[in-house]
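In the working numbering, each residue carries its 1-based index in the first sequence increased by 21.
No residue lacks a Cβ here, since even glycine has one placed at the ideal position from N, Cα and C.
Being a predicted model, the structure only gives us computed values, none of them experimental.
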Amino acid sequence: MSSEKYPFEQIEKKWQSFWERERLFQIDLNSDKTKYYCLVMFPYPSAALHVGHGRNYIIGDAVARYKIMKGFNVLTPMGWDAFGLPAENAAIKGGIHPKISTLNNIKTMKSQLYHWGVGYDWSREVTSCLSDYYRWTQWIFLKLLERGLAYKKLGAVNWCPSCQTVLANEQVVNGACERCETEVYERDLEQWFFKITDYAQRLLDDLELLDEWPERVKIMQRNWIGKSEGVQIKFPVVGNDLILECFTTRADTIFGATFLVLAPEYPDIARIIKDSPNKGEIQQFIQRSRMQSKRERSNADIEKNGIFTGTYAVNLISGDKIPVWIANYILMEYGTGAIMAVPAHDTRDFEFAKKYGLPIRVVIKGESTPLDANMLKEAHVEDGVMVNSGDFNGMPNRDAAREIAGFMKQNQIGASKVNYRLRDWLISRQRYWGAPIPVVYCEACGIVPAREEDLPVVLPESVEFKPDGKSPLRAVADFVTTKCPRCKKTAKRETETMDTFVDSSWYYLRYISPSDNNRPFDKELVNKWLPVDQYIGGVEHAILHLLYSRFITKVLFDLGYVSFKEPFKKLFTQGMIIKDGAKMSKSKGNVVSPDALIERYGCDTVRLYTLFIGPPEKDAEWTDSGVEGAWRFLSRLWRLINILVSNGFVLAGADMDELSKLRQLTHQTIKKVTLDMEGDFHFNTAISSIMELMNFIYSLLGKNPDSRVSCRENTGAVKESVRALLLLLAPFVPHISEELWQLLGNKESIFRNSWPEFNENVLKKEVIQLVIQVNGKVRSKIKVSSQIGKEELKELVLRDEKIKRHITNSIIKDFIVVPNRLINIVI
RNA sequence: GCCGCGGUGGCGGAAUUGGCAUACGCGUCGGUCUCAAAAACCGAUGAUGGUAACAUCAUGAGAGUUCGAUUCUCUCCCGCGGCACCA
22 MSSEKYPFEQ IEKKWQSFWE RERLFQIDLN SDKTKYYCLV MFPYPSAALH
72 VGHGRNYIIG DAVARYKIMK GFNVLTPMGW DAFGLPAENA AIKGGIHPKI
122 STLNNIKTMK SQLYHWGVGY DWSREVTSCL SDYYRWTQWI FLKLLERGLA
172 YKKLGAVNWC PSCQTVLANE QVVNGACERC ETEVYERDLE QWFFKITDYA
222 QRLLDDLELL DEWPERVKIM QRNWIGKSEG VQIKFPVVGN DLILECFTTR
272 ADTIFGATFL VLAPEYPDIA RIIKDSPNKG EIQQFIQRSR MQSKRERSNA
322 DIEKNGIFTG TYAVNLISGD KIPVWIANYI LMEYGTGAIM AVPAHDTRDF
372 EFAKKYGLPI RVVIKGESTP LDANMLKEAH VEDGVMVNSG DFNGMPNRDA
422 AREIAGFMKQ NQIGASKVNY RLRDWLISRQ RYWGAPIPVV YCEACGIVPA
472 REEDLPVVLP ESVEFKPDGK SPLRAVADFV TTKCPRCKKT AKRETETMDT
522 FVDSSWYYLR YISPSDNNRP FDKELVNKWL PVDQYIGGVE HAILHLLYSR
572 FITKVLFDLG YVSFKEPFKK LFTQGMIIKD GAKMSKSKGN VVSPDALIER
622 YGCDTVRLYT LFIGPPEKDA EWTDSGVEGA WRFLSRLWRL INILVSNGFV
672 LAGADMDELS KLRQLTHQTI KKVTLDMEGD FHFNTAISSI MELMNFIYSL
722 LGKNPDSRVS CRENTGAVKE SVRALLLLLA PFVPHISEEL WQLLGNKESI
772 FRNSWPEFNE NVLKKEVIQL VIQVNGKVRS KIKVSSQIGK EELKELVLRD
822 EKIKRHITNS IIKDFIVVPN RLINIVI
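This is the structure we're talking about:
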């Protein structure tokens with residue numbers, strides 16, 4: 022056998038340009054064929070791709086090619102999430118304009134994708150930083166503004182001192198900027214928001230529609246939306262007409278509410294401390310809290326600090342006069358920014374009460390809870406029976422919660438309330454490289470939206486990038502100075518740009534009509550092609566991008582632009598590729614570049630290994646010797662087909678038994694691979710079963726040279742399995758499959774051929790192997806006809822030599838037969 | 001703290017959902033070819049004992065259900081991910 026390497030260079034080049042010429046991936050959206058929209062998340066065009074990125078595109082390509090072979094009209098577009106901070110930061114450092122570096126990166130990445138053999142309909146490419154795209158991002162902004170879903174508000178927002186811009190709540194991770202990990206501070210700024218909170222309930226409810234999404238992604242979204250139901254209770258302030266409202270999910274503990282606590286940012290604090298003797302001290306305390314970084318403020322381990330306002334409020338249920346405090350552990354952004362503290366039954370309130378000597382009153386008794394508050398070592402947060410709670414004593418606390426809520430409603434002391442953790446989406450950024458927010462400020466008319474026909478508001482190109490916390494666009498006089506669309510007097514443009522997540526929240530719609538100059542997308546075609554049938558991307562977008570896209574889709578649904586409520590029908594989140602125990606990254610120096618590997622082994626090898634490395638939804642460790650294994654397999658495949666073609670598909674005489682086994686295995690493999698492709702994309706097991714099929718053919722190659730099986734019989738079965746072998750491999754290793762397919766004498770592309778079908782009849786075995794156990798332990802195996810009756814079988818088993826040895830001198834208590842599988846003799 | 005996922009050979013992982021644990025691949029060892037090496041090919045490869053047939057043990061730990069458990073139930077340990085002073 023030849024050990025020469027298979028000529029992958031020529032093969033891969035040849036077929037890549039063939040598919041391009043053939044327009045394998047360019048489709049007619051109006052065709053009557055069943056549609057399949059296969060979408061891979063469009064990437065940010067950073068520098069070169071590594072094999073970890075590759076996994077994403079290779080999975081998408083394998084799915085698309087499979088669906089093409091199944092006869093679907095497959096849409097696989099690709100584009101670029103091309104606005105964003107890295108390009109701008111690079112420009113500040115290196116002096117190259119973001120547009121130039123971004124377009125350069127796109128060129129490099131495009132060529133890499135091509136050399137991976139990953140096919141797209143490039144006639145539909147979209148690039149979010151070009152005005153023919155962001156024009157429509159601006160259009161979407163205007164639609165939200167019209168609808169009252171975009172608004173400008175002064176308030177405490179997240180500020181990243183390193184990126185010199187504000188961040189959305191979703192972009193703050195553990196109190197730090199998700200991009201640069203700098204600690205985030207709160208600043209009072211007037212900013213643009215999208216009112217995603219109006220959609221909180223629908224975003225939550227419609228998760229039910231997404232039965233083909235991974236459960237963990239839905240759970241993450243549920244947690245993020247963070248719905249909680251409770252009561253908002255009124256506490257009148259003593260000696261003042263103010264009423265403090267507190268949200269609680271534990272109305273049952275109202276008799277234990279022994280003080281109130283306000284967030285340092287609470288708006289009415291000035292009125293509350295107006296007459297306080299230590300007003301100055303309180304103001305200082307508030308100042309200090311507000312200076313703390315987000316990370317410090319939100320760290321649960323940090324010590325709770327507070328100060329008494331000198332004011333009291335009335336607990337209308339218990340009738341008590343209770344002190345009002347201010348403390349650093351109360352968040353202004355959740356609930357009302359004021360809480361009723363129940364130290365006996367809340368760990369935080371307990372800690373705070375102990376520190377400042379505030380009263381603690383037990384109102385729920387558990388099994389072992391002492392009634393004496395002084396004896397309490399920690400808060401009793403479990404359920405129990407009501408005590409010290411007037412008429413409600415003796416009731417189980419869950420029932421009491423309902424009763425008390427009803428009582429408060431009746432007496433107008435409180436009202437049912439639902440709270441969400443989700444906050445409005447802050448979309449303005451003080452940076453250059455983004456889509457300008459299309460509004461102007463007019464002295465006479467106030468905030469005026471740009472007119473639709475004036476879009477795009479073009480991002481000026483000659484700009485000096487100096488991050489000083491304000492948009493660089495402020496310095497571009499031509500841009501800033503404009504005319505008010507309403508009164509035509511001189512006005513100033515908004516100089517802030519949009520969060521790039523706005524760009525990416527609708528791009529899947531633009532692919533349908535990427536060059537339409539009259540509208541963002543063709544409504545009819547979008548309704549035909551959406552929702553996306555299969556969306557593929559990293560789990561890191563589980564909240565940000567996927568939540569925003571769902572929101573924008575719902576808004577467009579409400580506005581009548583689309584007829585579907587959810588953009589992505591089925592979602593697949595692939596795992597990361599790990600090298601030396603860490604995620605591949607330039608800074609860690611553990612990136613594996615595909616270029617050298619493709620040069621050495623060809624891209625089919627890299628593709629095969631990437632798909633074979635493990636279950637695709639899990640992280641996987643990259644090893645170079647694993648690539649070697651994939652290479653060996655393809656070399657063996659090459660050799661096998663060449664031998665069979667040259668000898669006329671003769672397996673030097675496998676006998677009839679083995680030939681029927683080959684047929685069976687072929688159909689079994691078709692079934693296995695098809696199920697994997699239709700199911701959870703377990704390419705690793707699909708590929709391993711194909712390997713088994715090939716190994717079996719190999720094992721028959723040199724066997725039984727004197728066999729008398731007729732040649733025709735022989736080649737028929739062999740040809741069938743070889744055809745199946747190549748067809749099954751085609752989505753994974755398209756180039757070598759296409760080449761060998763032609764070698765078999767086929768004239769048309771392998772992708773124009775239909776996916777092989779399996780025949781259940783072939784899978785039925787006439788002779789089956791049964792495992793025989795004694796007391797659950799395997800003791801013997803026998804081959805019997807699948808038609809055998811139980812009595813006959815029993816007789817046969819009891820005559821088995823090995824079994825006899827194990828059951829002599831014993832009484833058979835039970836004889837269990839699992840059809841087609843095993844027999845267990847219990848003695 | 002809460003929620004979710006996971007723990008199987010030296011390694012990546014498989015096991016038709018309760019029925020032969022370790023498929024497939026990597027690695028390792030032995031062999032063929034070679035002056036030699038690489039490549040390629042053939043064979044072995046969970047652990048322990050045994051020349052062997054074979055036996056015993058083994059899917060994070062412990063218990064339970066069952067004729068039978070990697071799979072189901074409970075308790076615990078470890079790892080990963082999400083949320084987290086959310087009232």
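Judged by their CB atoms, G100 and Y532 are nearer to each other than the 8 Å cut-off. A contact between stretches requires three or more CB pairs, one per stretch, nearer than 8 Å, and the segment 681-698 meets this requirement with the segment 742-751. Judged by their CB atoms, D273 and I458 are not nearer to each other than the 8 Å cut-off. Residue pairing of L210 in beta bridges, as defined by DSSP: G176. Annotation: S681 to L629 spans about 29 Å, alpha carbon to alpha carbon.
Around the C-beta of T690, 16 or more other C-beta atoms lie within 10 Å, and the residue is accordingly described as buried.
For the 8 Å CB-CB criterion, I599 and V72 do not form a contact. Between T626 and L655 a beta carbon distance of about 6 Å is seen, short of the 8 Å cut, so the two are scored as contacting.
The beta-carbon distance between K315 and E199, rounded to whole angstroms, is 12 Å. This is too long to meet the 8 Å contact definition.
With distances taken between CA atoms, K590 lies nearest to I557 out of I557, Y582 and K487.
G467 and Q242 have their alpha carbons spaced roughly 37 Å apart. With distances taken between CA atoms, C505 lies nearest to P470 out of L672, P470 and I254. V258 carries a strand assignment under DSSP once its states are collapsed to helix, strand and coil.
Setting aside the 5 residues that flank it on each side, E699 has no residue in the same chain whose C-beta is closer than 7 Å to its C-beta. For N244, the enclosing alpha helix (DSSP H) covers residues E236 to I246. Bounds of the alpha helix (DSSP H) holding T631 are C624 to F633. Annotation: the segment 85-115 contains the following complete segments of the beta strand (DSSP E) (minimum length 3 residues), in chain order: 94-96. Taking a contact to require three or more Cβ pairs closer than 8 Å, the segment 410-428 and the segment 261-278 qualify as touching. For M715, the enclosing alpha helix (DSSP H) has its first and last residue at F704 to L722.
Between the alpha carbons of K513 and L231 lies a gap of roughly 44 Å. The DSSP-derived three-state label of R800 is strand. Taking C-beta separations shorter than 6 Å and ignoring five residues to either side along the sequence, the partners of F779 in its chain run H688, I691 and K692, following chain order.
Under the three-state reduction of DSSP, W143 is assigned to helix. Sixteen is the threshold: since fewer than 16 other Cβ atoms of the shown chains lie within 10 Å of the Cβ of N539, the residue is exposed.
In the structure shown, G435 falls within a strand segment according to DSSP collapsed to helix, strand and coil. Looking at E317, V259 and V61, the one whose alpha-carbon comes closest to that of I294 is V259. Between V282 and A348 a beta carbon distance of about 5 Å is seen, short of the 8 Å cut, so the two are scored as contacting. Within the same chain, and ignoring the five residues on either side of Y528 in sequence, the residues whose Cβ sits closer than 7 Å to its Cβ are F63, G100, V147 and S149. Closest option to S339, judged by alpha-carbon separation, among F29, R318 and G277: G277. Relative to the Cα of Q222, the nearest Cα in the group L134, Q212, L618 and K248 belongs to K248.
In the structure shown, L45 adopts coil according to DSSP, grouped into three states.
Leaving aside the five residues that flank E302 on each side, the residues in its chain whose CB is nearer than 8 Å to its CB run, in chain order, I328. The continuous beta strand (DSSP E) containing E266 extends over residues I264 to T269. Sequence-distant Cβ neighbours of S297 in its own chain, meaning closer than 8 Å and more than five residues away, are I303, T330, G331 and T332. In the DSSP assignment, the residues bridged to S449 are M519. N841 and L765 have their C-alpha atoms roughly 38 Å apart.
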